[in-house]
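Protein chains in written order, with the working numbering: chain A, 1 to 343; chain B, 344 to 686.
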């Protein structure tokens, strides 16, 4: 298996990408080879003095870098020698199995749709981050921002794609799929969710668990939460923002008194454990599902551990055959649901 | 000023409503009179043995109760002698100034639109809860669920209504209005927000502060966050749900070790202070803005303190002339924006 890493993407590139790759080569199976796309000299500097299996770590020189302040699609079209585009192209050309980047989200999405391209009959690829839940697992939000205006059929396919991922990568048997909605009752919703509900109910091959209110995201009752990318983006960022705000408020309260400071110091391991649970670096990245090969968008501020986890996630995604399973599910859904039920 | 309370609405009715009213009569200005709509005997039992100014607390008998498991609009139409409908009717008939209920959200919204009715030229009334923010104030989400499918003009009016409330009730000078969006950049968004952005930019009488990402809700940088009711509902419930999940996770971690338990016990006042900051009972309720009179939807699980705060909020809303200010702003906006710019 060959994993194509954009070594120049993210706040801590290329050092964190290189270090993450080295961690992965140490602990993952021997059949994983990593290609690092980027500035050869910079990558070599990051590798200086380190021992690693040279046959499994290949530098692929790339002379350009796509930055976060460029218009994503235009940058992807123009910068053909960028680390991101070349890494994506390796997957598109079937030379590599999965593309990983912590660069601009928009550019990674454009690489997915413009270079690696959609799986046949997939309406829209979807960005699918995983959120830690109260039952110790993860809940996927699909879509979290790739498609801000959606049609019911897109959401039906998000359900299929999310289920395939959670089963094959996270090992969840019969993942419970919820439809993000403004109430639990079947009749609730806006035009989109009202039309989508009966389609999900009728869809074979997934476990539809009904409407999921935003407050249930972290309950663990749902493994996959299906939504349009606008509401999904609100859900994702609100969850991140609230977690951060609560932590910040608590810190202020603890630091504001001697009792608080002492109590906080004693309870430090508990706070650390909570932080670890909420830590995005433990998850890896957000897969872009629905394209012809693996794509993982790592967090922009990823450190070495985050890249290591993204690489581990990529390995599972490839080994599990997620892309193939999605293609098959969408094909089956097309025959059974799209023609007969969606019409 | 007369405030019309649905004494039978909410999990703790009628006792909590009655107790909240008594607290309010003790501490608020003498010109506030409270009408309690509901079962006369039950309310009298709640009042038994208590001293209060009888001229300022009037029982208004109502033989029916609207429950949370009824279809809201149908229940409001059918149960003409319910505590909720009669309290709303008192405002519609200009006998009372503000209607407060902790009953079914859907039924309260129906009372607003069917009984009290929209202000002239207001497209859609909006449910507008207030969230504690990191700067010690509140941020309003408008709309949080009354209108799941919206048009740009609705959002323009939400901006006007939210600004009027924050200025007159919360005393915020030139409230900063944000548009909930999936990115900060002006060009971001779905069809609705892309169309709404330039309208808000051109709108006179409000301070448009650009796009607000969901993660910024609690930052305090925005006083009013304008959104369609579907995304607003996701934002509200996700904020509530995440706060609860984080607290629950932290509790589990603290209780899981001796150090955590001891540290937690010592730092207890800090946790209590945080809890108080996040406590919805401190806020009051969510106003329904855009109808011909005050409407406040209190939280279903409101206790006496929450009702007291909702009553205090109602008093400010009436004294501030929020309804009148909204009517004037919408009229001005109609001339300036709706015809010339939106038209």
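The C-beta atom is built at its ideal place from N, Cα and C for all residues, glycine as well. All values derive from a computational prediction rather than experimental measurement.
By the neighbour-count criterion, in which 16 or more other beta carbons inside 10 Å mark a residue as buried, residue 468 (chain B) falls on the buried side.
Residues of the same chain with a CB within less than 7 Å of the CB of residue 354 (chain B), apart from the 5 flanking positions on each side, are 643 and 644 in chain order.
Under the Cβ distance rule, residue 558 (chain B) counts among the residues neighbouring chain A, one pair being separated by less than 8 Å. Pairing residue 451 (chain B) with residue 505 (chain B) gives a Cβ-Cβ distance that is not under 8 Å.
The beta-carbon of residue 230 (chain A) is placed less than 8 Å from the nearest beta-carbon of chain B. For residue 653 (chain B), the closest C-alpha among the options B:442, B:351, B:557 and B:432 is that of B:442. Residues of chain A whose Cβ lies closer than 7 Å to the Cβ of residue 492 (chain B) are, in chain order, 190 and 191. Listed along the chain, the chain B residues whose CB falls inside 7 Å of the CB of residue 266 (chain A) are 602, 605, 606 and 609. Within the same chain, and ignoring the five residues on either side of residue 675 (chain B) in sequence, the residues whose Cβ sits closer than 8 Å to its Cβ are 547 and 548. As computed with DSSP, residue 160 (chain A) is found in no beta bridge at all.
Put simply, the backbone Cα of residue 179 (chain A) is about 37 Å away from that of residue 358 (chain B). Under the three-state reduction of DSSP, residue 169 (chain A) is assigned to coil, being neither helix nor strand. Contact residues of the segment 513-530 of chain B toward chain A are 523 and 525 (C-beta to C-beta distance below 7 Å). Between residue 76 (chain A) and residue 114 (chain A), the C-beta gap is smaller than 8 Å, which places the two residues in contact. Within chain B, the residues placing a beta-carbon under 7 Å from that of residue 273 (chain A) are 596, ordered along the chain. With a threshold of 8 Å between beta carbons, residue 309 (chain A) makes no contact with chain B. With its beta carbon at least 8 Å from every one in chain A, residue 373 (chain B) lies outside the interface. Under the rule that a run must span 4 or more residues, the alpha helix (DSSP H) segments found entirely inside the segment 528-571 of chain B read 534-545.
For residue 483 (chain B), the uninterrupted beta strand (DSSP E) run begins and ends at 481-485, by DSSP. Taking 9 Å as the Cβ-Cβ cut-off, the segment 627-640 of chain B has no residue approaching chain A. The shortest CA-to-CA distance from residue 215 (chain A) to any of B:559, B:635, B:667 and B:585 is the one to B:585.
Listed in chain order, the positions of the segment 575-593 of chain B with a beta carbon within less than 7 Å of a beta carbon of chain A are 576, 577, 578, 580, 581, 582, 583, 584, 585, 586, 588, 589, 591, 592 and 593. Check the Cα spacing between residue 368 (chain B) and each of B:394, B:613 and B:662: the tightest is with B:394. Within chain B, no C-beta atom comes nearer than 7 Å to that of residue 107 (chain A); the closest sits roughly 14 Å away. With a cutoff of 8 Å on beta-carbon distance, residue 363 (chain B) and residue 484 (chain B) are scored as not near each other.
Exposed is the label assigned to residue 396 (chain B), since fewer than 16 other Cβ atoms lie within 10 Å of its Cβ. Listed along the chain, the chain A residues whose CB falls inside 8 Å of the CB of residue 477 (chain B) are 245, 248 and 249. The beta carbon of residue 468 (chain B) does not come within 8 Å of any beta carbon belonging to chain A, so the residue lies off that interface. Inter-segment contact for the segment 535-544 of chain B and the segment 493-500 of chain B is present: three or more beta-carbon pairs are separated by less than 8 Å. Per the coordinates, the alpha-carbon of residue 89 (chain A) lies some 41 Å from the alpha-carbon of residue 588 (chain B). Taking the Cα positions, residue 636 (chain B) is about 21 Å away from residue 400 (chain B). Secondary structure at residue 105 (chain A): helix, using DSSP grouped into helix, strand and coil.
Contact between residue 65 (chain A) and residue 290 (chain A) is ruled out by a C-beta separation of about 26 Å, above the 8 Å threshold.
Residue 177 (chain A) and residue 209 (chain A) have their C-alpha atoms spaced approximately 5 Å apart. Taking the beta carbon of residue 270 (chain A) as reference, the chain B residues within 8 Å of it are 593, 596, 597, 599, 600, 602, 603, 606 and 607, listed in sequence order.
When secondary structure is reduced to three states using DSSP, residue 252 (chain A) falls in the helix class.
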